[in-house]
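Engineer:
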Amino acid sequence: MNVAILTVAVVLLVVSVVWHVVEEYRGRTIAARRRVVVCLVDDQAITGILWRRHRRLLVVRSAELVQPGREAVGMDGDVVIERDRINWVQIVGAG
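Below you can see the structure in the form of structure tokens.
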């Protein structure tokens, strides 16, 4: 009985690790290294290169902050955006 429970626990652990690795890989490759527009919930937008997606965060490089009625402002370094602040993301430019 104990061996069966241990076997089931190990199988579930292996399946969950494989699922996690696949989701992380898939999340990193969709639109990665592509120019995007990230529209935020506060009517601002950030444009730049989507560098990495990680669970609850997006990392954008070469970013500019775009606000209605104003010039785009360049941002230094990597910009980390929480997904809760994002309305939508658009991939722009040639594929």
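Here this note's numbering is used: position 89 in the sequence shown is 89, and no number is missing along the way.
Glycine is no exception: its CB is placed at the ideal position from the N, C-alpha and C atoms.
For residue 20, write down the residues that DSSP places opposite it in a beta bridge.
Structural biologist: Locating residue 20 in the sequence shown gives position 20, where the first residue counts as 1. Per DSSP, none; premise fails for residue 20.
Engineer: Pairs of beta-carbons, one from the stretch 10 to 24 and one from the stretch 64 to 72, closer than 8 Å: are there three or more?
Structural biologist: Too few Cβ pairs lie closer than 8 Å, so no.
Engineer: Would you kindly check if the distance between the Cβ of residue 92 and the Cβ of residue 35 is under 7 Å?
Structural biologist: Counted from its first residue, the sequence shown places residue 35 at position 35. Counted from its first residue, the sequence shown places residue 92 at position 92. Yes, the pair counts as a contact, with Cβ atoms nearer than the cut-off.
Engineer: Restricting to Cα atoms, I'd like to know which of 22, 38 and 3 is closest to residue 79.
Structural biologist: Here residue 79 refers to the residue found at position 79 when the sequence shown is read from its first residue. Among 22, 38 and 3, the Cα nearest to that of residue 79 belongs to 38.
Engineer: Assign residue 9 to one of three DSSP states: helix, strand, or coil.
Structural biologist: Here residue 9 corresponds to residue number 9 of the sequence shown, with the count starting at 1. It is helical.
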